[in-house]
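Shown next, in structure tokens, is the structure this report addresses.
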Amino acid sequence: MENQQVNNKAVDYQTELTISNIVKDNTGGLVLPATMSDNGSYSSPDITWNLPEYKTQVSYTFNQQVQFGGATGAFSGTVNQPLKKAILEYEAIFDVDGVETSEVVEQDSLLSEPPTPTKEGYTFTGWYDAPKEGSKWDFETDKIPKNNIKLYAQFKINPYIVTLDVDGKITSQTVDYQNHVQTPTEPTKEGYVFMGWYDKRTGGSKWDFETDKMPANDMTLYAQFTGVIKPIGPIEPASPTIPGVDTEYHSGLDVSEKAEKSATVKIPTDNLPKTGDKNNTLPIFLGILSLGLAAFLGFRWKQVK
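Taking this note's numbering as reference, the numbering of the sequence shown is continuous, increasing by one, and the terminal residue is 302.
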């Protein structure tokens, strides 16, 4: 009955392992463990081990004097508890801006890299152990630890180029996605008025620098102009002309009055008689008669009107 070897059925390894004492004497009572490997402890009927690292087995011994009939003898031996390495699995969670997927992975194994996520206006930079900054996960060398993990997709914002076209003269700006384009200096063009910046050379949509934001692509804005129509000034009416009469317009003065006021009779003076010349009185008489006749005709003309 001495030095017996008892082999239990293998159980999974655990960091805190507990098994029941199976050794009984001839009376059916439990035989207390004499020794326990790996600092095991006994609290009837259980034996417990704290095992930080995997072991192939643990054991305990027993040694007790028992009576068989009238004789007393030693009842001793060792109980072996084989351990099998359990497959420890952990969950790896992949977070893309709050949208999660997961993978169950054995401890100390490599993760399968998920499909590269996409995000409009951004470039994917990798999987990290924190939402911002943190350590980047290397799928070729990093192995799953002894716990669940969460990896976060990180991105960087993309810059795009906006081209400003003024009748073929080009300038450009580099603008990050969803940022505002800087308002350029208003272009000028002789004989035209600037209408604004448009997404097409003719027609198209007008760009609002206060509200519109940079799209996820390069773009061109075109300066559009409209021609200036010069106003036609007022036309001065032509004044009628009467030969020998001043026809300059004066309000309230009719043509007949102008004619009367401006009509003059020119008396030739080249052949006037000298003072005391008795033979040349006829031309003087005719001149006076002409003046009287002109005055009379002018008076009658006014009456007729």
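All C-beta atoms, glycine included, are put in the ideal place defined by N, C-alpha and C.
- Setting aside the 5 residues that flank it on each side, Q221 is surrounded in the same chain by M192, Y195, each with a C-beta closer than 6 Å to its C-beta; the list follows chain order.
- Cβ-Cβ distances below 6 Å link T45 to T15, S38 in the same chain, with the five nearest sequence neighbours on each side left out; the list follows chain order.
- For L80, the enclosing beta strand (DSSP E) stretches over residues 68 to 81.
- Distance check between Y189 and each of T223, D43, G131 places T223 closest, using alpha-carbon atoms only.
- Inside the segment 11 to 57, DSSP marks whole beta strand (DSSP E) runs of 3 or more residues at positions 13 to 17, 30 to 33, 38 to 40, 43 to 47, from first to last along the chain.
- Note that the C-beta distance between Y174 and Y149 is not below 7 Å.
- Judged by DSSP secondary structure, T168 falls within the beta strand (DSSP E) whose first and last residues are 166 to 173.
- The beta-carbon separation of L108 and F72, rounded to 54 Å, does not stay under the 8 Å limit for a contact.
- Between Y119 and F91, the CB-CB gap reaches or exceeds 7 Å.
- 7 Å or more divides the Cβ of N60 from the Cβ of N4.
- Assignment of S99 by DSSP, reduced to helix, strand and coil, places it in the strand class.
- The continuous beta strand (DSSP E) containing I146 extends over residues 146 to 154.
- Proximity of the segment 155 to 169 to the segment 207 to 216 meets the contact definition, three or more beta-carbon pairs being nearer than 8 Å.
- Taking E100 as reference, the option from I146, V93, S40 with the minimal CA-CA separation is I146.
- In this structure, S17 sits away from P49, with a CB-CB distance that is not shorter than 7 Å.
- In this structure, the straight-line span from the alpha carbon of Q1 to that of T75 is close to 6 Å.
- G165 and K227 have their alpha carbons spaced roughly 27 Å apart.
- By DSSP's assignment, W124 forms a beta bridge with A150.
- For F65, the closest alpha carbon among the candidates T58, K6, M(-2), I84 is that of M(-2).
- In this structure, DSSP gives L108 a state outside helix and strand, which the three-state scheme calls coil.
- Per DSSP, M(-2) lies in no beta strand (DSSP E) segment and is marked neither H nor E.
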